[in-house]
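Student:
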Amino acid sequence: MNFELTEEQQSVKKMVRKFVDKEIIPNIQEWDRQQHFEPNILKRLAELQLMGVCIPEEYGGAGMDYNTLAIVCEELERGDTAYRTAVSVHTGLNSMTIFQWGNEEQKQKYLVPQAKGDKVGAFGLTEPNAGSDVAAMNSTAVRDGDHYVLNGSKTWISLCDVADHFLIFAKTDHDVPHKGITAFIVERTFAGVETKAIKGKLGIRAGNTGEVFLTDVKVPVANRLGEEGEGFKIAMSALDNGRFTVAAGAVGLIGASLEASLKYCHERKTFGKEIGKHQLVQQMIAKMSANLEISRLLVFKAGTLKNAGKRNTKETSLAKWIACDAAFDAANDAVQIHGAYGYSDEYPVERFLRNSKAPVIYEGTREIHTVMQGEYALGYREDKQLRNQLHAWPYEGATVTNS
Ligand code: CAA
């Protein structure tokens with residue numbers, strides 16, 4: 001066990017922090033007010049090699065380890081949840097899933113440009129009537145010769161207006177809920193694909209989120225990811241990576257809430273002393289501080305299992321649940337510490353509070369993760385071996401293991 005960041009991790013952390021301080025923090029209040037997603041940030045992330053952090057170099061990525069991806073997400077969310085969400089969806093949910101499940105042709109065609117940041121990927125799982133209950137989805141894919149015809153709609157899709165490629169899940173067999181789902185790589189330019197942004201969200205207002213409509217979309221069989229019926233497992237394995245990045249981002253939000261609160265504690269005086277000297281304020285600071293450590297350790301534990309190529313569904317779910325709840329509490333306490341000033345966007349903490357809510361809901365609600373952890377503890381849930389292999393890091397010459 002080593003709790004020190006490597007030199008490379010330290011320098012990535014410093015680089016992302018500098019980028020966030022210079023290019024996100026000065027603009028984010030206005031982008032949030034205008035509900036504006038700034039596409040140039042994705043271009044800049046690509047220039048900094050942050051659109052494929054732990055995709056191997058041979059596929060256009062930076063070839064770094066999973067904990068470095070966590071560090072990137074932590075630092076990005078210190079700036080705003082919107083851009084960490086972009087990385088979660090593009091890298092965690094889409095690119096890493098193609099890396100894990102795609103054939104060589106799919107990797108060359110879709111993964112390489114995505115990992116370089118030339119193309120953007122999104123993830124289409126949730127439907128108006130199928131959120132937590134994934135297997136209840138209604139979208140259909142009907143085989144017709146050398147292609148499938150997809151129909152249906154997806155909602156709450158991050159990067160819907162920005163993405164070039166979507167990973168879409170649809171039913172190829174309605175009689176078997178889990179085993180009737182299949183995954184497809186769908187290009188925005190395929191006829192019958194339309195998207196529409198959702199405005200008026202509580203938080204992550206600087207992010208692009210919306211609906212994807214599929215009307216008689218012809219998708220080549222070559223764009224099927226995995227086998228027919230493997231879609232549920234592919235979606236869940238994608239979420240193992242997506243949830244990891246969400247948890248890491250939540251660590252960044254706890255840190256940002258703490259950073260803003262510490263500054264304010266030293267500036268603001270009541271009853272003749274800095275508010276940091278009041279014990280009830282110290283209690284909130286102490287809780288943030290402890291949760292920052294706890295959440296980061298849980299994230300790094302999940303990342304270490306990923307680096308070893310080991311199944312990590314349980315550990316990732318735990319990190320996601322605990323870190324996102326803690327980020328919500330930290331942002332809430334940060335607003336409380338700022339008093340009435342915390343209620344206005346003159347200070348960033350009201351945005352932190354609004355942003356902290358979505359991660360408690362998306363990529364598995366708090367309730368789904370609580371139930372999963374209860375089931376693991378009781379022995380009702382067990383992580384089985386996967387058909388495909390998880391890639392151990394470092395990739396070159398790495399031994400691949402299943403657990
Ligand atoms: N990897 C591979 N296989 C997995 C897996 C994983 N992580 N998790 C489950 N499976 C397999 C199981 O082994 C099982 O296989 P067998 O049939 O061979 O035994 C099969 O999949 C079914 O698994 P479960 O029995 O666990 O399925 P379930 O119906 O009990 O559902 C659930 C489990 C935990 C409730 C799941 O449906 C779930 O996680 N729901 C939440 C969905 C979610 O997170 N949605 C997020 C949408 S995306 C998003 O929010 C992105 C965004 O925009 C930011």
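Per full-length UniProt numbering, the sequence shown runs over residues 1 to 403.
Note that CB positions come from ideal geometry on N, CA and C, so glycine has one too.
Since this is a predicted model, take the numbers as computed values, not measurements.
Should ARG143 be labelled buried (16 or more other beta-carbon atoms within 10 Å of its own) or exposed?
Tutor: Burial call: exposed.
Student: Assuming PHE169 is part of the beta strand (DSSP E), what are its boundary residues?
Tutor: Its beta strand (DSSP E) spans residues 165-171.
Student: Between the beta-carbon of LYS357 and the beta-carbon of PHE328, is there less than 8 Å?
Tutor: Taking 8 Å as the Cβ cut-off, LYS357 and PHE328 qualify as a contacting pair.
Student: How about ASN319 and ILE204: are their beta carbons less than 8 Å apart?
Tutor: The amino acid at residue 319 is misidentified as Asn; the sequence shows Ala. No, the Cβ-Cβ distance between ALA319 and ILE204 is not below 8 Å.
Student: Jot down the residue ranges of each uninterrupted beta strand (DSSP E) in the segment 277-333, minimum 3 residues, whole runs only, in chain order.
Tutor: List check, beta strand (DSSP E) in window: nothing returned.
Student: Applying the 10 Å Cβ sphere with the 16-neighbour rule, what's the burial state of GLY397?
Tutor: Confidence at GLY397 is low in this model, with a pLDDT of 46, below 50, so the placement of that residue is unreliable and no value is reported for it.
Student: Among the candidates GLY63, PHE37, ILE28 and THR68, whose CA atom is the shortest distance from the CA of GLU4?
Tutor: Checked all of GLY63, PHE37, ILE28 and THR68; the closest Cα to GLU4 is THR68.
Student: Just the Cα atoms here: how many angstroms apart are ALA130 and SER139?
Tutor: One C-alpha to the other measures close to 10 Å.
Student: Could you tell me which residues DSSP pairs with PRO187 in its beta bridges?
Tutor: Strictly speaking, residue 187 in this sequence is Glu, with Pro absent from that position. GLU187 is bridged to HIS165.
Student: Between the alpha carbons of PHE118 and ILE275, how many angstroms are there, rounded?
Tutor: Note that residue 118 is Asp in the sequence shown, not Phe. Computed Cα separation, rounded: 48 Å.
Student: Measuring alpha carbon to alpha carbon, tell me which of GLY79, GLY60, MET1 and GLN29 ends up nearest ASP21.
Tutor: Checking every option, the nearest Cα to that of ASP21 belongs to GLY79.
Student: Check whether the segment 89-101 touches the segment 275-286, counting contact only when three or more Cβ pairs, one atom from each stretch, lie closer than 8 Å.
Tutor: Verdict: no, contact absent.
Student: For GLU47 and GLN114, what's the separation of their Cα atoms in angstroms?
Tutor: Each residue's Cα considered, the two are about 13 Å apart.
Student: So for THR6, helix, strand or coil by DSSP?
Tutor: THR6: coil per DSSP, three-state reduction.
Student: How about VAL217 and VAL186: are their beta carbons less than 8 Å apart?
Tutor: In this structure, VAL186 lies closer than 8 Å to VAL217 by Cβ.
Student: May I have the straight-line CA-CA distance separating VAL400 from TRP393, to the nearest angstrom?
Tutor: Reliability fails at VAL400, whose pLDDT of 38 lies under 50, so the model's placement of it is uncertain and no value is given.
Student: Is LEU253 near ASN208, with beta carbons less than 8 Å apart?
Tutor: Not in contact: LEU253 and ASN208 (Cβ atoms no closer than 8 Å).
Student: ARG243 and THR316 - do their beta-carbons sit closer together than 8 Å?
Tutor: Closer than 8 Å, so yes.
Student: In this structure, does DSSP put GLY397 in helix, strand or coil?
Tutor: For GLY397, the predicted structure reports a pLDDT of 46, less than 50, and the residue's modelled location is therefore unreliable. The matter cannot be settled from this model.
Student: Using only the heavy atoms of the ligand CAA, determine whether one of them is closer than 7 Å to the beta carbon of LEU125.
Tutor: Under cutoff, so the answer is yes.
Student: Please state whether DSSP places PRO56 in a helix, a strand or coil.
Tutor: In the structure shown, PRO56 sits in coil (DSSP, three-state: anything other than H, G, I, E or B).
Student: Shorter than 7 Å, the distance from the beta carbon of TRP156 to the closest heavy atom of the ligand CAA, or not?
Tutor: Yes, since a heavy atom of the ligand CAA falls inside the 7 Å radius drawn around the Cβ of TRP156.
Student: I think PHE166 touches LEU225, with their Cβ atoms under 8 Å apart; what is that distance to the nearest whole Å?
Tutor: Incorrect: roughly 11 Å between the Cβ atoms, too far for contact.
Student: Can you give, in chain order, each stretch of the beta strand (DSSP E) that sits fully within the segment 80-164 and has at least 3 residues?
Tutor: DSSP runs (the beta strand (DSSP E)) wholly in the segment 80-164: 121-124, 140-144 and 147-158.
Student: Could you tell me whether any non-hydrogen atom of the ligand CAA is closer than 7 Å to the CB of GLY303?
Tutor: Checking the Cβ of GLY303 against the ligand CAA gives no.
Student: Would you call THR215 buried or exposed, if buried means 16 or more other Cβ atoms sit within 10 Å of its Cβ?
Tutor: With fewer than 16 Cβ atoms within 10 Å of its Cβ, THR215 is classed as exposed.
Student: Who are the Cβ neighbours of residue 456 in its own chain at under 7 Å, not counting the five residues just before and after it?
Tutor: The chain is shown only over 1 to 403; residue 456 falls outside these bounds and no answer can be derived.
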